[in-house]
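To start, the structure itself, in structure tokens.
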Amino acid sequence: MLNRAMNTAASGMDAFIFNLDTIANNLANAGTTAFKRSRTNFEDLYYQYYKLPGAQDSQGNIAPEGIYAGTGVRVSAVQPDFSQGSLLSTGRQYDVAISGDGFFEVTDQGPVMYYTRNGQFTVNASGALMVATANRGLLLNPPITIPQDTVEISIDATGVVSVLQAGSTTLQQIGQIQLNKFMNREGLLHVGDNLYTPTDASGPAQPFTPGTQGVGLLRQNFLEASNTEPVRELVDLIKTQRNVELNSQVIQASDQMLQLVANLRRF
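Just so we're aligned: the sequence shown equals residues 1 to 267 in full-length UniProt numbering.
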């Protein structure tokens, strides 16, 4: 019995320590553009029954309740929260925020397509619109190339990209930004660098024009902030710490009771 209590409490400590890792990652990315916080979900483990509900005794009486003991808890999933982050004005013409559920599609020209909500765009030496990470550049797909003599760029809410070239007085349309949606965004694989890749759980990417099919609209000169709320995370941090402490006290109490039982032979 006491060994079971210790193992049950140990499973609780292990689960909440894992939750601490999730909270730490949320707080670490509180300033990361378009970062989406995650939460840890838990589920109870197998129950050991000594009497099943509905069991009959020798006289045919049906037990209205059972006798059982739980064996602990485990992490069932880490679930991302894709709620909209705040839109922050930057004044930079290549910054684009998504107001809605969509994702930009980017590529390193390899076999894998990546998806991101980070709209910190820039251009390479050829004028191609791209997202830069710490280690590589990822081209926007479908590709959009900015002419070398561009003096002003305009990206409207529906993703139409227009430029004003030197010596001209009118904007010229040069491309269309598309947004992608997934049947199950929570099934996307996090690969770092603000990037996601599809899985069998998420389903394939479905490209749409901004403003249609619920993918959202674009806001030039804005970026989406992280949806991490530091106060909320700190509250969860305190709750997690208290839960670890309570489970450790169960282990200490079980150990003291085991010592008491072991010392009974001395009396």
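Just so you know, even glycine gets a beta-carbon here, dropped at the ideal spot from N, CA and C.
- Between the segment 90 to 103 and the segment 231 to 244 there are fewer than three inter-stretch CB-CB distances shorter than 8 Å, so the stretches are not counted as touching.
- Secondary structure of glycine 216 (DSSP, three-state): coil.
- Distance from the CA atom of phenylalanine 82 to the CA atom of methionine 130, rounded to whole angstroms, is 23 Å.
- The Cβ atoms of threonine 197 and asparagine 141 lie no closer than 8 Å to each other.
- Within the UniProt domain "Flagellar hook protein FlgE/F/G-like D1" (97 to 163), the runs of beta strand (DSSP E) that reach at least 3 residues and sit entirely inside it are, in chain order, 104 to 107, 113 to 116, 121 to 123, 129 to 132, 137 to 141, 150 to 155.
- Ranking Val112, Phe182, Gly110, Thr116 by CA distance to the CA of valine 96 puts Thr116 first.
- For the pair leucine 138 and phenylalanine 222, the CB atoms are not nearer than the 8 Å cut-off.
- Residue range 230 to 263 is occupied by the alpha helix (DSSP H) that includes aspartate 236.
- Between serine 202 and glycine 216, the gap from beta carbon to beta carbon reaches 8 Å or more.
- Judged by beta-carbon spacing, glycine 54 lies within the 8 Å limit of isoleucine 62, meaning their Cβ atoms are closer than that value.
- Across the structure, proline 204 and threonine 122 are spaced so that their CA atoms are roughly 27 Å apart.
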